[in-house]
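K.L.:
Quick one: the structure is below, questions incoming.
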Ligand code: FAD
């Protein structure tokens, strides 16, 4: 397919989708509606987040297990180091393995304390690289880890952050999924720095379709993602116009993905926020579509 603005699309674009475990019946309904709508796009896998401080341990497990049971999707479970000893984390991992879940997204997690300073749990895994090592001792999981094109806010330096990513890969992770970002050049430079540092696993851009600009701006501030000036200008005046905002959000994310594709990306991870519409639209523009049903013979 020719891209009018950026060149050619890769032939076989691959995607994955991220969900969070629902808290209420109503939230569960929107999650399952989204899962069902996204399933025909044939993602490589879908993943379910682990609430801050391990607060969703059971809900994450239930959601992942239900996806594995009731859909054709490959389900991956996020798991963090926070608020649990190594033994407890290993037990959660073993339960996943026993339930047939073979893919874990291994993360450090964030500080549960109000001062916001991360301190390893006594007897726990300190950093994500330690968790990857521990998981590999439990079973031969496929492991994905997090990467930060704009540098993790607590990293001593960009190089130290890249070293931390390299340690996670050396410990056995086979894919890095990035924090969301909006500036395509920032991702491309990061990918090149990672390659120069000897990181050869896929670095998958994490795409956040901006359903609510005000929320995204607040969230970006917390996780060190920069919201460029052009994004503020693009969404200006749309705070009370959700319908137009959604159309614009789809356009912005589709342009971002197509520019990434033109620079060589052929795999994308979508932060769906448990909604399908924007992700379906963006995937469509990338050529990721449900299979066309053959008409029944007459
Ligand atoms: P690490 O790789 O351990 O790095 C954390 C920080 O410590 C970095 O600054 C790094 O440079 C530094 N560091 C690493 N090793 C060392 C060392 N040995 N000595 C000193 N410093 C070191 N959070 C959740 O709670 N639940 C989720 O489900 C979840 N899913 C996520 C999915 C993705 C794709 C991403 C990008 C993030 C996700 N997060 C989730 C957020 C994540 O937990 C936070 O960003 C957290 O602050 C860092 O996690 P990490 O796995 O990158 O940590």
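Numbering (the UniProt record's numbering), first residue to last: 13 to 310. A virtual CB, placed ideally from N, CA and C, is assigned to each residue, including glycine.
(1) Kindly examine the ligand FAD and report whether one of its heavy atoms sits closer than 6 Å to the Cβ of residue 164.
(2) Our contact map puts residue 32 next to residue 286 with C-beta atoms below 8 Å; I'd like the distance itself, whole angstroms only.
(3) Taking the CB atoms as reference points, tell me whether residue 116 and residue 91 lie closer together than 7 Å.
(4) Can you check which of these residues, 128, 130, 120, 125, is closest to residue 141 by C-alpha distance?
(5) Under the criterion of a Cβ to heavy atom distance below 6 Å, does residue 62 qualify as lining the ligand FAD?
(6) Please determine, among 276, 160, 63, the residue with the shortest C-alpha to C-alpha distance to residue 25.
(7) Which residues in the same chain have their Cβ closer than 6 Å to the Cβ of residue 77, if we skip the five residues on either side of it in sequence?
(8) Pick out whichever of 183, 220, 200, 113 has its Cα sitting closest to the Cα of residue 266.
(9) Mind checking which residues open and close the alpha helix (DSSP H) that includes residue 181?
(10) Under 8 Å by Cβ, that's how I've got residue 191 and residue 237 pegged, so tell me the actual separation to the nearest angstrom.
(11) Quick check: what's the CA-CA separation for residue 65 versus residue 180?
(12) Using the three-state DSSP reduction, which class does residue 63 fall into: helix, strand or coil?
(13) May I ask which residues mark the beginning and end of the alpha helix (DSSP H) holding residue 81?
(14) What does the Cβ neighbour count give for residue 303, buried or exposed, with the cut at 16 atoms within 10 Å?
(15) Residues bridged to residue 156 by DSSP?
(16) How big is the Cα-Cα spacing for residue 213 and residue 241?
(17) Enumerate in chain order the residues of its own chain whose CB-to-CB distance from residue 5 is below 8 Å, with the five nearest sequence positions on each side excluded.
(18) Would you mind stating whether residue 314 and residue 178 have Cβ atoms separated by less than 7 Å?
(19) Just to check my reading of the structure: residue 281 and residue 30 have Cβ atoms closer than 8 Å, yes? What is that Cβ distance to the nearest angstrom?
(20) Could you name the residues of the same chain whose beta carbon sits closer than 7 Å to that of residue 205, not counting the 5 residues immediately before and after it, in chain order?
(21) Looking only at DSSP bridge pairs, what is residue 218 linked to?
P.N.:
According to the structure data:
(1) Position 152 of the chain shown, counting from 1, holds the residue named residue 164. Yes; taking the cut-off as 6 Å, the Cβ of residue 164 has a heavy atom of the ligand FAD nearer than that.
(2) In the chain shown, counting from the first residue as 1, residue 32 sits at position 20. In the chain shown, counting from the first residue as 1, residue 286 sits at position 274. Between residue 286 and residue 32 the Cβ distance is about 6 Å, and since that is below 8 Å, they are a contact.
(3) As a first step, residue 116 is located in the chain shown; it is residue number 104 there, counting from the start. As a first step, residue 91 is located in the chain shown; it is residue number 79 there, counting from the start. Yes. Within cutoff.
(4) The residue labelled residue 141 in the question sits at position 129 within the chain shown. That would be 120, whose Cα lies nearest to the Cα of residue 141.
(5) The count along the chain shown starts at 1 and reaches residue 62 at position 50. Residue 62 Cβ: within cutoff of the ligand FAD.
(6) Locating residue 25 in the chain shown gives position 13, where the first residue counts as 1. The shortest Cα separation from residue 25 among 276, 160, 63 belongs to 276.
(7) Position 65 of the chain shown, counted from the first residue, corresponds to residue 77. Excluding sequence neighbours, residue 77 sits near 111.
(8) Against the chain shown, residue 266 aligns to sequence position 254. Of 183, 220, 200, 113, the residue nearest in Cα terms is 220.
(9) The count along the chain shown starts at 1 and reaches residue 181 at position 169. Unbroken alpha helix (DSSP H) run through residue 181: 170-182.
(10) Within the chain shown, residue 191 is the residue found at index 179, counting from 1. Within the chain shown, residue 237 is the residue found at index 225, counting from 1. At roughly 6 Å, the Cβ-Cβ gap stays under 8 Å, so residue 191 and residue 237 are in contact.
(11) Looking up residue 65 in the chain shown gives position 53. Looking up residue 180 in the chain shown gives position 168. Distance between the alpha carbons of residue 65 and residue 180: 21 Å.
(12) In the chain shown, the residue the question calls residue 63 occupies position 51. Note: residue 63 maps to coil in three-state DSSP.
(13) What you label residue 81 is simply residue 69 of the chain shown in a count that begins at 1. Residues 69-82.
(14) To locate residue 303, count along the chain shown from 1; it is residue 291. The residue is exposed, with fewer than 16 neighbouring Cβ atoms inside 10 Å.
(15) Stepping through the chain shown from its first residue, residue 156 is reached at position 144. According to DSSP, residue 156 bridges with 117, 187.
(16) As a first step, residue 213 is located in the chain shown; it is residue number 201 there, counting from the start. As a first step, residue 241 is located in the chain shown; it is residue number 229 there, counting from the start. The straight-line gap from Cα to Cα measures roughly 32 Å.
(17) This structure gives no information on residue 5, because the portion of the chain shown stretches from 13 to 310.
(18) With the chain represented from 13 up to 310, any question about residue 314 goes unanswered, as that position is not in the structure.
(19) The sequence position of residue 281 within the chain shown is 269, counting from 1. The sequence position of residue 30 within the chain shown is 18, counting from 1. Rounded, the Cβ-Cβ distance is 6 Å, consistent with contact.
(20) What you label residue 205 is simply residue 193 of the chain shown in a count that begins at 1. The beta carbon of residue 205 sits closer than 7 Å to the beta carbons of 174 from its chain, once the five residues preceding and following it are set aside; these are given in chain order.
(21) Residue numbering aside, residue 218 sits at position 206 when the chain shown is read from its first letter. Partner(s): 192, 281.
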